[in-house]
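Notes follow the structure.
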Amino acid sequence: MLVVPRRASLIGWVGSTDHKRIGVRVATYAFGFFLLSGAFALVMRTELARPGLQVVSENTYNELFTMHGSGMFFLVMAPLALALGMYFVPLQIGASDIAWPRLALIGDWLIPLGGVTMFSGFLTDHGAAKAGWTAFAPLSDIDRSPGYGMDLWIFGGLLATAGVLLLAISVLTTIVRFRAPGMTMLRLPVFTWSMVATCLLVITSFPALIVALSLLFVDRHFSGVYEGASGPVLYQHLFWFYGHPVVYVIFFPFIGAVAEVVAVFSRRRFFGYHALVLSLLVFAALSMSVWAHHMFATGRVTNQYFALTSTILLVPAGVEYFDLIGTMIGGSILLSSAMLFAVGFIVLFLIGGLTGIIVASPPLDYHVHDTYFVVGHFHYTIFAGSLFGFFAAVYYWYPKVTGRMLRERLGKLQFVLYFLGANLTFFPMLVSGYEGMPRRVADYENIHDLSLMNMLSTIGAFTIALGTLVFLWNLRVSSRKPVPAGNDPWQGHTLEWWTTSPPPPHNFDSLPPVRSYSPLYDRRLGES
Amino acid sequence: MKVALPFVAWAALLTVLAAVLWVWSSDHVPPAIFTAAASVAWCVGLYALLRPFPRAVRRAPDLSLASGLVALAIAMLLLSALVGEWLLLIGGGALVAGLVWLARELRAERRVR
Ligand SMILES: [Cu+2]
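If you read the protein sequences in the order shown, they are chains R and V. Going by our numbering, the first residue of the first sequence is number 1, and it counts up by one from there. Going by our numbering, the first residue of the second sequence is number 529, and it counts up by one from there.
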């Protein structure tokens with residue numbers, strides 16, 4: 001048997017195929033890109049605090065919003081989603097290793113290489129890419145986006161997307177092939193099921209972006225693939241075929257983590273397991289069929305089909321909410337930091353979902369298309385939703401990963417700052433967008449409530465930044481004065497809590513019998 | 529079959545949704561993209577069907593520097609399109625070296641097992 005040398009060498013850090021190290025590594029640099037892309041958002045909010053140009057030029061502003069969005073999607077949220085799966089799926093299913101660890105390791109390294117490539121655009125003559133994270137043709141063509149920045153953006157996007165794709169292939173194959181004895185598909189923990197849906201989406205939708213971006217490079221340097229009347233529409237089809245599902249890629253893992261947190265901190269078995277599994281699969285399939293709702297305003301798509309499928313998404317989403325709330329009802333709820341973030345996720349994602357119904361309806365979408373309403377809507381889903389879910393996962397699983405507890409008080413302080421900050425930032429965007437403020441502008445006129453709404457958003461953004469500092473402080477405090485976590489500080493339900501914290505390289509010395517999706521909960525029931 | 533069921537069902541669901549779009553859409557591009565994705569989903573389903581999970585492979589993780597080299601080589605090959613031919617040569621060399629090294633790692637691992 002091959003065993004990783006125990007010494008924490010640099011070689012071990014960069015070259016270990018241990019899924020736990022891969023997971024931590026991906027999460028670490030994704031968090032680094034989060035801080036960087038978040039800092040860009042702060043500069044933008046400072047610029048927008050008052051009408052007129054104060055801080056940056058329009059050109060720089062274009063670079064900032066492009067790199068903020070690209071960073072958050074390609075280098076932060078999608079990698080974080082897969083990092084969680086990489087670390088916890090093998091533990092939850094009782095596996096000692098992942099499938100195709102070397103493939104996963106290649107993916108692991110492609111992501112930061114992509115990130116460095118993308119951000120190195122700032123060092124080139126024309127600056128970084130400035131065609132938005134969507135890089136729509138013809139805005140991204142060689143005439144309108146000259147210079148290497150756009151090309152580096154394309155290559156960065158390709159590398160990072162390919163990296164996430166490889167991680168997903170490894171995680172999904174692990175689930176198919178490496179489950180412990182007794183761990184049937186209908187005994188997979190809820191989080192692992194959410195990763196099944198996630199990986200399916202990645203594997204079927206991410207190739208579309210790889211095609212779109214490769215063709216964009218060809219378009220820029222060889223022949224005009226996206227020229228003519230139908231070219232830009234073709235690009236949008238390819239892009240959004242990835243661009244909508246990716247939103248679910250960065251949603252499912254976090255709702256899976258939230259489901260685990262809600263069950264554990266309600267001291268109940270997860271309610272409605274089978275309905276959740278079914279709804280996840282239907283949700284994932286439907287979310288592959290809605291991409292052109294981003295293109296209603298092009299007038300070139302079958303609006304009825306895409307509006308219909310987009311609206312049907314409400315049904316599986318409703319099932320998931322029903323299950324989450326059903327788990328809490330009748331449970332003895334412990335409001336830990338993890339649980340607070342989970343509840344925050346459930347509440348705030350609802351606002352994201354409900355504003356989503358508005359933009360899923362073509363006539364309403366025409367009114368708010370390309371305005372701050374859309375920006376507010378998707379930040380409610382991605383920041384106030386998914387990122388809250390990520391922090392629920394962090395507060396829940398950090399003890400397992402490090403063997404140390406995070407400080408609860410600091411966690412609650414972070415939650416309060418994030419909750420206030422998120423609403424203060426993104427709710428005014430819904431108002432200003434409805435009043436007609438276009439997105440992707442460095443300046444705006446002082447009409448209606450735009451000044452007030454923008455000032456509120458800016459204050460909110462800095463409140464979020466303060467919350468992030470509290471989190472970093474929490475990390476520091478917990479590593480300086482460690483409080484040992486033990487194997488199972490929360491009385492968890494799933495197998496990861498059976499082994500030591502942190503787990504040994506081979507994960508488990510022994511495994512308990514698996515007779516349901518919550519084997520440790522069964523065991524405690526048997527004991528009492 | 530049990531393992532493959534959710535994957536096959538998922539691929540079937542995509543196929544149905546794509547079929548509806550073929551009927552509904554006058555433009556062929558959207559349903560064609562969707563059909564391509566559905567066929568990828570069928571490949572996943574087929575894999576799950578044909579490769580039932582092996583009897584517990586208990587193996588511990590390993591070190592692989594070759595994987596990092598392959599990743600670096602891929603990045604270099606892409607960037608050579610901007611930087612020039614010299615990077616294409618270095619990247620190509622690194623890729624070949626990385627793949628050979630990777631093969632040796634895998635062979636060593638198999639021998640130990
Ligand atoms: Cu969408």
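Every residue, glycine too, gets a C-beta built ideally from N, C-alpha and C.
Around the Cβ of Phe-178 of chain R, are there at least 16 other Cβ atoms within 10 angstroms (buried) or fewer (exposed)? Residue 178 of chain R sits at position 178 when you count from the first residue of the first sequence. With 16 or more Cβ atoms within 10 Å of its Cβ, Phe-178 of chain R is classed as buried.
Any C-beta of chain V sitting closer than 7 angstroms to the C-beta of Val-14 of chain R? As a working note, residue 14 of chain R is residue 14 in the first sequence. Yes - at least one Cβ of chain V is within 7 angstroms of the one on Val-14 of chain R.
Pull up the CB-CB distance for Gly-352 of chain R and Gly-385 of chain R, whole angstroms please, since I reckon it's below 8 angstroms. If you number the first sequence from 1, residue 352 of chain R lands on position 352. If you number the first sequence from 1, residue 385 of chain R lands on position 385. Right, the Cβ-Cβ distance comes to about 5 angstroms (below 8 angstroms), so this counts as a contact.
Using 8 angstroms as the cut-off, can you tell me whether the region 313-320 of chain R makes contact with the region 556-567 of chain V, which would need three or more C-beta pairs spanning the two stretches below that distance? no
Local conformation of Leu-511 of chain R per DSSP, three classes: Translated into the one-based positions of the first sequence, residue 511 of chain R becomes position 511. Coil, per DSSP.
With burial defined as no fewer than 16 other Cβ atoms inside 10 Å of the residue's Cβ, what is the status of Lys-481 of chain R: buried or exposed? On the first sequence, position 481 is the one that residue 481 of chain R refers to. Classification for Lys-481 of chain R: exposed.
Interface partners of Ser-608 of chain V on chain R, CB under 8 angstroms: Position 80 of the second sequence, counted from the first residue, corresponds to residue 608 of chain V. Going along chain R, no residue has its Cβ under 8 angstroms from Ser-608 of chain V, so there is no contact; the nearest lies around 10 angstroms.
Using three-state DSSP, classify Arg-300 of chain R as helix, strand or coil. The sequence position of residue 300 of chain R within the first sequence is 300, counting from 1. Arg-300 of chain R: coil per DSSP, three-state reduction.
Compare the C-beta of His-237 of chain R against all C-beta atoms of chain V and say whether one is closer than 7 angstroms. In the first sequence, residue 237 of chain R corresponds to position 237, counting from 1. Taking Cβ atoms only, chain V reaches closer than 7 angstroms to His-237 of chain R, which makes this a yes.
With distance defined between alpha-carbon atoms, name the residue in R:His-448, R:Thr-425, R:Asn-423 and R:Phe-427 nearest to Glu-435 of chain R. For the purposes of this step, residue 435 of chain R is identified with residue 435 of the first sequence, where counting begins at 1. The shortest Cα separation from Glu-435 of chain R among R:His-448, R:Thr-425, R:Asn-423 and R:Phe-427 belongs to R:His-448.
So what does DSSP say about Leu-139 of chain R, is it helix, strand or coil? One-based indexing of the first sequence puts residue 139 of chain R at position 139. In the structure shown, Leu-139 of chain R sits in coil (DSSP, three-state: anything other than H, G, I, E or B).
Give the residues of chain V in contact with Pro-512 of chain R, contact being defined as C-beta atoms less than 9 angstroms apart. In the first sequence, residue 512 of chain R corresponds to position 512, counting from 1. Ordered by position in chain V, no residue passes the 9 angstroms Cβ test against Pro-512 of chain R, which lies about 15 angstroms from the chain.
Three-state secondary structure (DSSP) of Leu-53 of chain R: Here residue 53 of chain R refers to the residue found at position 53 when the first sequence is read from its first residue. Note: Leu-53 of chain R maps to coil in three-state DSSP.
Cβ of Gly-592 of chain V less than 7 angstroms from any chain R Cβ? As a working mapping, residue 592 of chain V is identified with position 64 in the second sequence. One point to set straight first is that residue 592 of chain V is Ser, not Gly, in the sequence displayed. Yes, its Cβ sits closer than 7 angstroms to a Cβ of chain R.
Counting only Cβ-Cβ distances shorter than 7 angstroms, please list the residues of the region 146-163 of chain R near chain V, keeping chain order. Tyr-148, Asp-151, Phe-155, Leu-158 and Leu-159
Any Cβ of chain R within less than 7 angstroms of the Cβ of Trp-570 of chain V? The residue you call residue 570 of chain V lines up with position 42 of the second sequence. No, Trp-570 of chain V lies away from the interface with chain R (no Cβ there is under 7 angstroms from its Cβ).
With respect to the alpha helix (DSSP H) encompassing Trp-397 of chain R, which residues constitute its N-terminal and C-terminal limits? The residue given as residue 397 of chain R occupies position 397 in the first sequence. Run containing Trp-397 of chain R: 388-402, per the alpha helix (DSSP H) assignment.
Test: Ala-618 of chain V CB closer than 7 angstroms to a CB of chain R: In the second sequence, counting from the first residue as 1, residue 618 of chain V sits at position 90. Looking at the sequence provided, one finds Ile at residue 618 of chain V rather than Ala. So, not an interface residue.
Whole angstroms is fine: what's the gap from Ser-510 of chain R's alpha carbon to Phe-251 of chain R's? For the purposes of this step, residue 510 of chain R is taken as the residue at position 510 of the first sequence. For the purposes of this step, residue 251 of chain R is taken as the residue at position 251 of the first sequence. If I take the Cα positions, the gap works out to 33 angstroms.
Residues of the region 195-214 of chain R with a CB closer than 8 angstroms to any CB of chain V: list them in chain order, please. Val-196, Leu-200, Ile-203, Thr-204, Ser-205, Pro-207 and Ala-208
Within chain V, the residues that Met-288 of chain R reaches when beta carbons sit closer than 8 angstroms: Locating residue 288 of chain R in the first sequence gives position 288, counting from the first residue. Under the 8 angstroms cutoff, chain V gives Leu-542, Leu-545, Phe-562 and Ala-565.
Could you work out which residue in R:Phe-254, R:Thr-198 and R:Leu-276 is closest to Ala-580 of chain R when comparing CA atoms only? With chain R covering 1 to 528 only, the question about residue 580 of chain R has no answer from this structure.
Assuming Leu-152 of chain R and Thr-124 of chain R make a contact with CB atoms under 8 angstroms, what is their CB distance in whole Å? Mapped onto the first sequence, residue 152 of chain R falls at position 152. Mapped onto the first sequence, residue 124 of chain R falls at position 124. Confirmed, about 7 angstroms.
Counting only beta-carbon atoms, is Gly-605 of chain V nearer than 7 angstroms to chain R? Taking the second sequence and counting its residues from 1, the one referred to as residue 605 of chain V is at position 77. For the record, residue 605 of chain V in the displayed sequence is Leu; it is not Gly. Taking Cβ atoms only, chain R never reaches closer than 7 angstroms to Leu-605 of chain V, which makes this a no.
Could you name the residues of the same chain whose beta carbon sits closer than 7 angstroms to that of Val-55 of chain R, not counting the 5 residues immediately before and after it, in chain order? Sequence index remark: in the first sequence, residue 55 of chain R carries index 55 (1-based). These residues qualify, in order along the chain: Val-43, Thr-46 and Glu-47.
Taking all protein chains shown into account, decide if Gln-304 of chain R is buried (16 or more other Cβ within 10 angstroms of its Cβ) or exposed. The residue given as residue 304 of chain R occupies position 304 in the first sequence. Exposed, since its Cβ has fewer than 16 Cβ neighbours within 10 Å.
Kindly indicate if chain R contains any beta-carbon less than 7 angstroms away from that of Leu-623 of chain V. Within the second sequence, residue 623 of chain V is the residue found at index 95, counting from 1. By this cut-off, Leu-623 of chain V is not an interface position.
Tell me the residue span of the alpha helix (DSSP H) that contains Ile-250 of chain R. Stepping through the first sequence from its first residue, residue 250 of chain R is reached at position 250. Per DSSP, Ile-250 of chain R belongs to no alpha helix (DSSP H) and is neither H nor E.
Taking only the alpha-carbon atoms, compute the straight-line gap between Ala-297 of chain R and Asp-365 of chain R and give it to the nearest angstrom. On the first sequence, residue 297 of chain R is found 297 positions in, with the first residue counted as 1. On the first sequence, residue 365 of chain R is found 365 positions in, with the first residue counted as 1. Approximately 8 angstroms, taken between the alpha carbons.
Report the rounded CA-to-CA distance for Leu-166 of chain R versus Leu-103 of chain R, giving the unit in angstroms. Working through the first sequence from its first residue, we reach residue 166 of chain R at position 166. Working through the first sequence from its first residue, we reach residue 103 of chain R at position 103. Computed Cα separation, rounded: 6 angstroms.
Under the DSSP definition of a beta bridge, which residues are partnered with Pro-438 of chain R? Position 438 of the first sequence, counted from the first residue, corresponds to residue 438 of chain R. Note: Pro-438 of chain R sits in a beta bridge opposite R:Thr-371.
3-residue-minimum beta strand (DSSP E) runs that sit fully inside the region 459-492 of chain R, ordered along the chain: none
Endpoints, the alpha helix (DSSP H) within which Thr-494 of chain R is located: Within the first sequence, the letter at position 494 stands for residue 494 of chain R. No alpha helix (DSSP H) contains Thr-494 of chain R, which DSSP labels as neither H nor E.
Chain V partners of Phe-241 of chain R, CB-CB under 8 angstroms? If you number the first sequence from 1, residue 241 of chain R lands on position 241. Those within 8 angstroms of Phe-241 of chain R in chain V are Ile-561, Phe-562 and Ala-565.
Where Leu-591 of chain V falls: helix, strand or coil (DSSP): Taking the first residue of the second sequence as 1, we reach residue 591 of chain V at position 63. Strand, per DSSP.
Strictly below 9 angstroms CB to CB, what residues from chain R border Gly-596 of chain V? Indexing the second sequence from 1 puts residue 596 of chain V at position 68. Result: Val-14, Gly-15, Leu-105, Ile-106, Asp-108 and Trp-109.
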